[in-house]
Structures are given as C-alpha cells and as structure tokens.
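Here the structure is laid out as structure tokens; the discussion comes afterwards.
Numbering (our numbering), first residue to last: 365 to 817.
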C-alpha cells in the first residue's frame with residue numbers, strides 16, 4: 365500500500381479516537397433550557413429515596429433501635445419542635461423528648477400513668493407544649509412536668525394548633541352522641557382555660573362529622589378539616605369552605621401542613637385514591653394523586669421542601685408504604701418501604717423523622733445528608749411553584765449513579781422519569797486534558813511527516 369495512503373489512514377484513525385474520547389471519555393454534563401450545565405458523579409446507592417436541596421443530597425435511612433425513640437406499644441402519631449434542640453413525639457402510651465442529640469423517654473406523673481392514645485402535639489417553646497388524645501385527654505408541658513388539663517368529654521381529640529401567640533389555640537375532634545350520630549367538637553384556649561366553641565350550623569351534619577386536623581396560620585386565619593368538609597377560621601368564627609369538587613367526591617381529609625396564610629397543604633382520600641391539595645392564598649387546587657396508597661401525613665418545611673407518607677392497605681392490614689417528596693415543582697415517589705409508615709414530622713432538613721411500625725415493632729426513619737459520599741456536589745437552583753427546569757435527584761439501587769429529571773421530561777407525577785440521564789465517566793477532567801494534548805500532538809506530528817514526504 366502507498367505510504368501516503370497509510371499515513372492518511374493513521375490520521376483518520378487518530379481523529380476517530382479523539383472524537384470517541386470527546387464523546388464518551390469526558391465527564392458528562394446535561395444542559396437545561398439554555399442554563400448552565402450541571403455535573404454529576406457516581407454516588408453510593410444507599411436507598412431508592414434521594415432528593416437534592418441546597419447543593420446537598422439527602423436520603424431517608426432507618427434509625428438503629430438504640431437511637432430511635434422508644435415505645436413498647438406501637439408507633440408514634442405525631443411530633444413537633446420548637447427548635448432543632450427541642451421537640452416531643454407522642455403516640456399510644458408514648459411520650460418522648462428530643463434534646464438535640466437523642467430521643468429521651470419522659471417520666472410521666474402518677475396522675476397520667478394510664479395515658480391512652482395521644483394523637484397530636486404542638487410545641488410552642490421549650491417550656492410550653494400541648495398534647496391531646498382520646499377521651500378528652502389534654503396535657504400541658506410547663507418546662508418541668510406534664511400537667512393534666514383534660515376536658516370533660518368522651519370525644520377523641522385529634523388535632524391541636526396555636527397561632528403566633530400562646531394565648532389563642534384550637535383543639536378539634538369528634539364525639540359520640542348515639543348510634544349513627546356523631547358531633548364535631550372544637551375547643552378554644554383563651555389563655556386560661558379550654559371551652560367549647562360553636563363549629564357548625566344545623567343541617568350540616570354528615571355521616572362522619574369528626575374533625576381530624578387543624579392549623580392556624582395567623583390570628584385571623586386558619587383551617588380545619590375532616591370527612592367531607594373543610595372549614596376556615598376568620599378570627600371570629602368557623603365557616604364551611606365550599607368547593608364543588610370536594611363536595612361531589614366526599615373527600616376524607618386527614619392532615620394539614622402550613623407555611624404561611626398563602627401556602628397551606630392538605631391531604632385527603634376517597635375510595636382508593638389519595639390526593640394532595642395546595643392553597644395559594646386564593647383557592648385550593650389538587651396538585652397530586654396516588655393510587656392505591658392512602659396518604660396518612662404531610663409536612664412542609666419550606667416552599668420547596670416537604671414530604672407525605674402513604675400506606676397500601678389490604679383487608680385493613682398495611683402491606684407497604686411510600687414516601688412522596690415535594691421539590692418545589694412537583695410531587696414524586698422517592699421510596700417504597702416494606703413497613704407501615706404513618707407520620708412525617710420535621711423542623712428542618714437536619715431534624716426530620718418518619719415514624720411507623722412493622723408488626724407492632726416501631727420503625728423510625730431519619731433524613732440524612734450523604735453529600736460527603738459524592739465525588740462532585742449536585743447544583744440545584746432554588747425552585748418555586750410554577751417554575752421549570754429544576755433537577756431533582758433520584759437514586760436507583762441497581763445502578764449507582766446520579767439521575768435527574770426536569771418538568772419537561774417527566775411523563776407524569778406518578779411515574780419515575782426514564783432515559784433522562786447520562787452516565788458519568790470516572791475519568792477526571794485533568795486526565796481528559798492530558799489525553800487530548802497527547803492526541804493533538806500525535807496528529808500534528810503525523811501531518812508534519814506527511815508534508816516532508
């Protein structure tokens with residue numbers, strides 16, 4: 365073969381090698397809608413439940429029994445915090461305190477030694493907390509001990525909330541009148557005592573009028589919900605909030621989470637369908653659906669950070685659970701857990717827990733920062749409702765690689781995005797430039813030899 369032809373073939377081969385290296389050997393990036401590229405590196409696949417905020421990656425991980433709040437009677441129903449160093453968790457005959465590093469079982473005074481089911485807790489300050497339970501049970505923490513302040517009723521008290529002051533709060537629930545009849549119950553705290561307050565007008569009865577959740581967003585604004593009804597507080601009275609779709613579906617609302625008067629979230633279900641609703645200061649909108657999981661609890665800590673948990677029930681028994689994550693754009697499934705998860709509560713990213721049970725054995729998950737295990741941190745812009753092109757991180761246990769999806773590439777809110785990622789080569793950028801320099805040098809050398817001949 366002619367030597368010039370051989371040299372030309374060598375040049376073409378080198379050019380091909382250079383092209384392949386540039387395409388597949390370099391660190392991969394993805395460009396989003398004209399914005400800067402985001403670099404990803406491989407991370408350990410701890411669990412299929414990662415999410416990224418503030419350039420950090422967080423996952424829900426099971427807490428060892430020695431570090432979990434202790435209960436011998438099942439799972440916890442709720443927890444709340446006044447700060448990252450102070451909080452309480454309550455449940456069936458269970459009352460434990462978070463001291464900033466550990467959950468500590470609290471000694472219960474003799475008069476409260478027969479605690480039944482505690483359903484909700486509101487922590488205002490380190491020396492001011494309230495918890496409510498069945499059969500009118502109300503207890504108050506004054507910084508030194510819990511005091512019995514129960515209300516004389518056979519009603520189950522299910523929710524408690526205060527506004528920005530400790531002198532105005534509500535407790536909601538329901539009580540039995542006679543077979544086939546129940547009555548809503550609302551108690552108001554005036555700074556000195558709890559007293560019953562009117563909550564409904566004649567003719568508004570439903571088959572199950574029990575109120576299950578309440579959240580005050582300000583002195584003159586708040587929400588309460590139950591089976592088929594949502595009520596709004598205007599500072600003077602509770603009024604039925606009408607919305608045609610809710611009334612037609614007879615939605616059973618189970619939980620509310622507030623950020624401010626213009627950012628409130630609620631969950632509800634009808635049949636096997638569960639929904640998440642958002643109030644923007646003007647109206648409630650349905651923003652997410654899931655089936656057949658029944659949502660049990662929702663907690664928001666910022667406009668782009670929040671979670672909801674749901675359980676799959678079969679013949680009344682939980683088969684497994686799912687955790688759903690809000691990233692500021694959409695809700696997405698982030699983990700399936702083969703246990704029952706009932707409650708999510710948080711003060712911030714560093715202090716967030718999910719409580720559940722596995723055959724009556726308590727299960728606790730805690731949000732954990734795994735950013736230090738990543739080779740390259742993930743860059744995530746701040747997200748707001750209605751914006752686009754915001755990546756969220758998902759980790760698949762079978763493939764230890766970072767993934768991301770955008771609102772444009774996500775086919776639906778219930779489907780994990782597919783084929784939206786590119787694998788990242790372990791070759792570092794420094795080796796890439798060294799390799800490129802060598803290849804270019806070889807090409808120039810061959811060209812010079814060709815010209816000399």
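Each residue gets a CB set at the ideal place from its N, CA and C atoms; glycine is no exception.
Other residues of its chain near residue 619: CB distance less than 6 angstroms, five sequence neighbours each side excluded = Here residue 619 is taken as the residue at index 255 of the chain shown, counted from 1. Excluding residues within five positions, the ones whose Cβ falls inside 6 angstroms are 577, 631, 661, 662.
Can you tell me whether residue 669 is buried or exposed, with buried defined as 16 or more other CB within 10 angstroms of its CB?
-> To locate residue 669, count along the chain shown from 1; it is residue 305. Buried, since its Cβ has 16 or more Cβ neighbours within 10 Å.
Are the segment 488-507 and the segment 520-527 touching by the rule of at least three beta carbon pairs closer than 8 angstroms?
-> Between the segment 488-507 and the segment 520-527, the count of C-beta pairs closer than 8 angstroms reaches three or more; the two stretches touch.
Under the three-state DSSP convention, the category residue 820 falls into | Because the chain in this structure spans residues 365 to 817, residue 820 falls outside the shown range and cannot be described.
For residue 519, the three-state DSSP class (helix, strand or coil) | By one-based count along the chain shown, residue 519 stands at place 155. Here residue 519 sits in coil by DSSP.
Could you check the C-alpha separation between residue 696 and residue 441 for me, to the nearest Å?
-> In the chain shown, residue 696 corresponds to position 332, counting from 1. In the chain shown, residue 441 corresponds to position 77, counting from 1. Going from the Cα of residue 696 to the Cα of residue 441 covers about 24 angstroms.
From 724, 712, 706, pick the residue whose C-alpha is nearest to that of residue 417; which is it?
-> Counted from its first residue, the chain shown places residue 417 at position 53. By alpha-carbon distance to residue 417, the top candidate from 724, 712, 706 is 712.
Excluding five sequence neighbours on each side, which residues of the same chain lie with their C-beta closer than 8 angstroms to the C-beta of residue 573?
-> By one-based count along the chain shown, residue 573 stands at place 209. Closer than 8 angstroms at Cβ, skipping near neighbours: 538, 546, 547, 548, 564, 590, 591, 593.
Could you give the distance in angstroms between the alpha-carbon of residue 466 and the alpha-carbon of residue 444?
-> In the chain shown, the residue the question calls residue 466 occupies position 102. In the chain shown, the residue the question calls residue 444 occupies position 80. The straight-line gap from Cα to Cα measures roughly 15 angstroms.
Could you name each continuous beta strand (DSSP E) segment of 3 residues or more that falls completely within the segment 433-513, going from the start of the chain to the end?
-> Entirely contained in the segment 433-513, the beta strand (DSSP E) runs reaching 3 residues are, in chain order, 440-447, 450-455, 458-462, 467-469, 482-489, 492-497, 502-505, 510-512.
Could you check if residue 393 is buried or exposed, using at least 16 other CB atoms within 10 Å of its CB as the buried criterion?
-> In the chain shown, counting from the first residue as 1, residue 393 sits at position 29. Here the model assigns residue 393 a pLDDT of 35, short of 50, so the residue's position is not dependable, and the following value carries that caveat. Under a 10 Å Cβ-count criterion, residue 393 is classified as exposed, with fewer than 16 other Cβ atoms of the shown protein chains found around its own Cβ.
Beta-carbon proximity list for residue 733, same chain, < 8 angstroms, skipping 5 on both sides | To locate residue 733, count along the chain shown from 1; it is residue 369. The residues are 420, 421, 422, 713, 714.
Could you pull out every residue in the same chain whose Cβ sits closer than 6 angstroms to the Cβ of residue 615, ignoring the five residues on either side in sequence?
-> Taking the chain shown and counting its residues from 1, one reaches residue 615 at position 251. For residue 615, where only same-chain residues beyond five positions count, the Cβ hits under 6 angstroms are 632, 634.
Nearest residue (CA-CA) to residue 430, options 692, 709, 656, 469 = Along the chain shown, read from residue 1 onward, the residue named residue 430 stands at position 66. Out of 692, 709, 656, 469, 469 has the C-alpha closest to the C-alpha of residue 430.
Can you tell which of 562, 628, 709 has its C-alpha closest to the C-alpha of residue 603?
-> Taking the chain shown and counting its residues from 1, the one referred to as residue 603 is at position 239. Distances from the CA of residue 603 to each of 562, 628, 709 were compared; the closest alpha carbon is that of 562.
Quick one: what's got a C-beta closer than 6 angstroms to residue 716's C-beta in the same chain, skipping five residues either side?
-> Position 352 of the chain shown, counted from the start, is the residue given in the question as residue 716. The answer, listed in chain order, is 710, 731.
Every unbroken beta strand (DSSP E) within the segment 661-739, with a cutoff of 3 residues, ordered by chain | You should have 669-678, 681-690, 695-701, 704-712, 715-722, 725-733.
Length of the line joining the Cα atoms of residue 684 and residue 555 = Against the chain shown, residue 684 aligns to sequence position 320. Against the chain shown, residue 555 aligns to sequence position 191. Per the coordinates, the alpha-carbon of residue 684 lies some 43 angstroms from the alpha-carbon of residue 555.
In chain order, what residues of the same chain have a beta carbon less than 7 angstroms from the beta carbon of residue 625, not counting five sequence neighbours either side?
-> Counting from 1 along the chain shown, the entry for residue 625 is found at position 261. Closer than 7 angstroms at Cβ, skipping near neighbours: 581, 582, 585, 645.
Pair within 9 angstroms by beta-carbon distance, residue 447 and residue 492 = Residue mapping note: residue 447 aligns to position 83 of the chain shown, counting from 1. Residue mapping note: residue 492 aligns to position 128 of the chain shown, counting from 1. No.
When 520, 521, 519, 504 are compared against residue 513, the one with the closest alpha-carbon = Taking the chain shown and counting its residues from 1, one reaches residue 513 at position 149. For residue 513, the nearest C-alpha among the options comes from 504.
Answer with buried or exposed for residue 600, where buried requires no fewer than 16 other C-beta atoms within 10 angstroms of its C-beta.
-> Mapped onto the chain shown, residue 600 falls at position 236. Exposed is the call here.
Opening and closing residue of the beta strand (DSSP E) in which residue 600 lies | Here residue 600 refers to the residue found at position 236 of the chain shown. Careful: residue 600 lies outside any beta strand (DSSP E) and carries neither H nor E.
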